[in-house]
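Under our numbering, read the sequence shown as residues 522 to 1543, first letter to last.
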Amino acid sequence: MILTQRLGRGLLAGASALALALLPAGLAPTTAAAAPAGSAPSGSAPAGSAPGAPAGDGSGPAPVDLTTTRAFADTFRLDPAQDTDPLYGLNVGLDARQSPPAGQHGISYTRVSGRWDTSTAPDQWFVQTSHPDHPDKLLFAKGVSAIMLGAPAVADGTGHYTVSTVVDPVVGDTGGADWGSIVLSRSHRGNGYVTGGDVDLGLTVTSGGKLALFHGGGGENPFWTGTVAPTAQYAVSLTVSTGADRAVTLTVNGTPFTVSAPAGVTRWPGSEFLYLGAYLSDPNRVTTFGDGAGHGLNVSRIDTSATRSAKPFVDTFDGAPNATADHGLNQDLAARQPSLISANYTAVSGVKGLALDPPAGSVQVNSPAHPNVLSFPKGTSAVRLDKPATSDVQSGAYTVHAVLTPVVGSTSGQDWASLAVGNASGGTGAVDAEDIALGLRVQADGGLTLFQGGTPTALPAVPPAGSYEVSAALATGDRQQATVRVNGTTVFSGRTAAKLPRDGYVSLGAHHSAAGQVTTADDLRVSMLGGLGYYGFFDIRDPNEPNFSANHAPEVAQWTNFNNYLRDQDPRLEFLDQCRPAACVIDLNQETVVPRAPGSWAVDPNPNAARNLLDLVRRIGSNIDKIGAVDVSDEPYSHGLSPAQVQTQAEQIRAAFPDKTLIMSLDRWNAEQTAPIPSTVDIVGFDYYCEGRGEIQRLLANLKTFLSSPDQHLMLFPESTNEYRVADGCYSGKTDADIAAYNVEYRAIAAQDPRVVYLQNFRWLGPDQPNKVPLTVAAQKRIGKAVVDATPTPAPASVGVYRPSDGSFGQAAHNGWYTGQAVFGGGGGDVVPLTGHWNGPGTDTVGVYHRDTATFQLSYDNATVAATFPFGAPGDVPLVGDWSGQGRSTVGVYRPSDQYFYLSDDNATVRYRIKLGNEGWKPLVGDWDGNGTTTVAVYDPQTQTFYLNDSNETEHPRPGVRFGNPGDRPVKGDWDGSGKETIGVYRPGDQTFYGAAENSDLVVYSRKFGNPGDIPLVGNWG
């Protein structure tokens, strides 16, 4: 649920010597001892007292308002003379028609198909505003079509929202079955057809007065029907209750109907996109909305924050199916997240120490007992957002917002909810953990504690309120300031003790002490996310060859969210009518540069650029909210512009488009040099086609060295075709399979670096592209769907160490930040450390092997022994893997004396026996082909060569790959979340892990972690 107010007790412990030693230099925390159970944090204000003065020096940044709402009304009043090609009045004059508040624009509409069988919108003239024959009305003509309002309807403080309009389903007819429709869908990517699977609530009104309500996926069968007396037009009011009554109140021409939701709808969602549509069996008939006298379309409240730009992230937690293995956590993400960007979550323990999976059901979304919220019904647990909050260029800061209810139904006690921003990409979500840069713990009674690097600070309490709206603004870089507000009261503002990360991982957590208590969180919002969130194509519509103004965006609509449109000298902007909110990228070459000579590659600045840009903004008009980003001139330096000219151009564009993302692309040569990048540019990248991962990584690393702001983000340009003269380097000897593999590599690069936020594929040439390069298109679809729908992908490997001197295991996240430690197994030179998912899929836990007795000890909780058993013989080398794809780890051994692997599926008997390698070689095992089974391999330390075998039954190793230096220790890991494990080494001399690309000696991962004498570990714990 959205925009409705709905945050116990910490587990503080002193940091061990191991923990301090493993932390990056300069970041060792000073951690306070635990407060006595049930007591208030030392020095906290008395619960329930009036708020005191905020902590800090008052210098923190103001949080961005991410929750702006207002009433919406469109009169459809427009001079019929403006109902002309190409816009036909739909998005013309919205500021006058809608009268938005000062400082805001009208909300535009998107043309969608309105059909069940295609996402391609019909011709522009299918939907018009103020047609001369139907002035001051919205008109649908020629069959089936629909439009979507560009901001979602949201519930007000009473939990209701209302949509009202006047519809004439078939002008001039009062007896037919054709209809006009009102559709409510959580998805901003729907077609607007009333029985579509994404539809939460759909209403049809026929010209004969028949009414029907539909719920998505129910086919053509409504869950309710009714009738009113036939008439020329129908005044319709639809009020939805998001409360427990699940009621829909429909009033048509004064006749009220109260309808309950169908079975399976626990609550109606609190955030819905609105579609209006028409179904006309006779193409000579029309449907109208509005009465022509000022009552057009009214919505009681809309959310103007979620879609106002391409940057914000919003999760309403509404409507997700809960009866799933993850209890709804990562279900329906693209629907319940109304922002352009979507992101998924990881359920984590919420407790300091080594990573553990929380008990099943500890984290739920839209549960029957607590619908439309994120809930924590079982003790202590947390969730971590898998993309980081990130600073933007203009502010150097980011804001995180959530509504926290520490104990549902209670305003007393010290059980709590938390919101935290951490450094570790794989943290446990514990608000008091050392990796947390800024965390707030909110008690049920209003008590507040701020955590920085594990150190608690009591803040002034706020009045008990049940639910607490929390906003935290973090200014990173040199500023290192933060502001925290709770229910509108600033409780902290100033410089922070812990270093605030530019890319901070957000977690929501809970702790309650009594059975039956539940914590909830709602309305999570972040001003901007890092990580790969934008995916699309360069040149999706081009007035020139080969597109000739064809808009190919519908062909890729299901797996892209950020496509680039070229306009050249074409003054028409009708394609913006079909863009979803903030989803289109446009070029500005025609406004900002002119050719030095006819047909010349070189350009000069257009002397009228500033005026041209303002004129373009005027012509875009009310469709300005469709534009998410604008391009600085494509490869400006290769076209002959000077640094000063590029700087001027960027400043002119920023002045004309102050709230749009600025994108700049470089050619390969200038990415190798230190070509100046204007500080106003938000995202910068380069194109260099069909050269492979090594070259792209090298250029990307170089580009980072001369960014003008550390808050600038990065983009890459995967190649899309080997068609002649499209992408240099790709049409000479490169196959479809080659280019598909390059696309996978681009995704892998982005998975390693949260600063890479955009893949803009080059190019999409038309509907026959899947036939020309089927493997490439299939790869792009997989990658695009994972980005746009936030499909959970395999977690990249995390690193750790075992310290024999004290028997302690220490873990770090994939990005190298220390996350926790524990002691297990007794230590000593006889112990070999192990990690695995012993009792099913999930986070790896620890174990040990005692070499002198050939005995394994496994732990399910990183603390106690869950299983002890012998396997192998003294002197064997222990191994861990999923040898048969069972979904859990079992053990094995390698016997150096005969070079045989002995692998068990039940930790008792040998399932596989295979010989591989020579005397003196080292064993390792991994899922080398990504099929879910672990197979054997060996490493020759004399030549630093790895030999991987894709079977546990037959010896047929892949060609050897040399990687590492003498003295390195072989390791393996899924370094980039591809689902495949590849080789790596740990270098004891500098305590650094190095991971390689598949079948390659290319380094794709490196992290320093541990101390001299430590034993390396790689696994899944974050």
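Just so you know, even glycine gets a beta-carbon here, dropped at the ideal spot from N, CA and C.
Here the structure is a predicted model, which is why all the values come from computation and not from measurement.
Item to check | Same chain only: Cβ atoms within 6 Å of aspartate 1555, ignoring 5 sequence neighbours per side | outcome: One cannot answer for residue 1555 here, as it falls past the ends of the chain, which runs 522 to 1543.
Checklist entry - So what's serine 1425 in DSSP terms, helix, strand or just coil? => result coil
Item to check | Helix, strand or coil at glutamine 1194 according to DSSP, with G and I counted as helix | outcome: coil
Checklist entry - In the DSSP assignment, what are the bridge partners of lysine 1493? => result Ile1504
Next on the checklist: Suppose only complete runs of 3+ residues qualify. What are the beta strand (DSSP E) ranges in the region 1042-1096, listed by chain order?
Outcome noted: 1055-1058, 1084-1086
Item to check | Endpoints, the beta strand (DSSP E) within which aspartate 1310 is located | outcome: Note, aspartate 1310: premise wrong, no beta strand (DSSP E); not H, not E.
Checklist entry - In the structure shown, what three-state DSSP assignment does isoleucine 628 receive? => result coil
Checklist entry - Hey, is the region 884-903 in contact with the region 1001-1021, meaning 3+ C-beta pairs nearer than 8 Å? => result no
Next on the checklist: Judging by CA-CA distance, which residue of Glu793, Thr1017, Phe1422, Ala799 is the nearest neighbour of arginine 710?
Outcome noted: Glu793
Next on the checklist: Considering just the uninterrupted stretch of the beta strand (DSSP E) at proline 819, what are its terminal residues?
Outcome noted: The question names proline, but residue 819 is asparagine in the sequence shown. Unbroken beta strand (DSSP E) run through asparagine 819: 818-824.
Checklist entry - Are the CB atoms of alanine 876 and aspartate 1495 nearer to each other than 9 Å? => result no
Next on the checklist: Assuming contact is defined by CB atoms lying nearer than 9 Å, are aspartate 1024 and aspartate 1063 in contact in what I supplied?
Outcome noted: In this structure, aspartate 1063 does not lie closer than 9 Å to aspartate 1024 by Cβ.
Checklist entry - In this structure, does DSSP put tryptophan 789 in helix, strand or coil? => result In the structure shown, the three-state DSSP call for tryptophan 789 is coil.
Checklist entry - Which residues does DSSP pair with histidine 709 in a beta bridge? => result Looking at the DSSP assignment, histidine 709 forms no beta bridge with any residue, so it has no partner.
Checklist entry - Shortest alpha-carbon distance to valine 1482 belongs to which of Gln1465, Arg1490, Lys1493, Ala617? => result Gln1465
Item to check | valine 904 to serine 883 span [Cα, whole Å] | outcome: 10 Å
Item to check | Span separating the alpha-carbon of tryptophan 1404 from that of glutamate 1476 | outcome: 15 Å
Item to check | Close-in-space but distant-in-sequence residues of the same chain around proline 1275 (CB under 6 Å, 5 per side omitted) | outcome: Hits under 6 Å: Pro909, Asp1024, Gly1051, Gly1052.
Checklist entry - When the Cα atoms are used, what is the spatial distance from threonine 716 to serine 629? => result 24 Å
Item to check | Collapsed DSSP secondary structure at leucine 599 in the structure displayed | outcome: coil
Checklist entry - Taking just the CA atoms, how far does threonine 867 sit from serine 781? => result 35 Å
Next on the checklist: So, for valine 769: in the same chain, excluding its five sequence neighbours on each side, which residues have a beta-carbon less than 6 Å away from its beta-carbon?
Outcome noted: Val761, Val780
Next on the checklist: Can you tell me whether serine 651 is helix, strand or coil according to DSSP?
Outcome noted: strand
Item to check | Continuous beta strand (DSSP E) stretch holding proline 464: start and end | outcome: With the chain running from 522 to 1543 in the structure shown, residue 464 is simply not present.
Item to check | At least 3 beta-carbon pairs within less than 8 Å: the region 1232-1239 vs the region 1193-1211 | outcome: Inter-segment contact for the region 1232-1239 and the region 1193-1211 is present: three or more beta-carbon pairs are separated by less than 8 Å.
Item to check | Buried versus exposed call for arginine 1528 [16 or more other C-beta atoms within 10 Å across all chains shown] | outcome: Its Cβ being crowded by 16 or more others within 10 Å, arginine 1528 is buried.
Checklist entry - Can you pull the DSSP bridge partners for histidine 1358? => result Answer is none; histidine 1358 lacks a bridge partner.
Item to check | Local Cβ density within 10 Å of lysine 1436, reported as buried at 16 or more and exposed below that | outcome: exposed
Checklist entry - So is lysine 1493 buried or exposed if we call it buried at 16+ other beta carbons inside 10 Å? => result buried
Checklist entry - With which residues is serine 1014 paired in a DSSP beta bridge? => result DSSP lists Thr1004 as partners of serine 1014.
Item to check | asparagine 712 vs glycine 635 beta-carbon contact at 9 Å | outcome: Their beta carbons are under 9 Å apart, which means asparagine 712 touches glycine 635 by this criterion.
Item to check | Exposure label - threonine 746; buried when at least 16 CB within 10 Å | outcome: exposed
Checklist entry - For threonine 650 versus phenylalanine 597, is the C-beta distance shorter than 9 Å? => result With respect to the 9 Å criterion, threonine 650 and phenylalanine 597 are classified as neighbours on the basis of their beta carbons.
Checklist entry - CA-CA distance, glycine 1215 and aspartate 1188? => result Going from the Cα of glycine 1215 to the Cα of aspartate 1188 covers about 17 Å.
Item to check | Sequence-distant residues of the same chain with beta carbon closer than 8 Å to serine 708, five excluded per side | outcome: Within the same chain, serine 708 has close Cβ partners Asp719, Phe794, Ala855, Ala856.
Checklist entry - Which residue comes first and which comes last in the alpha helix (DSSP H) that contains aspartate 1136? => result 1130-1141
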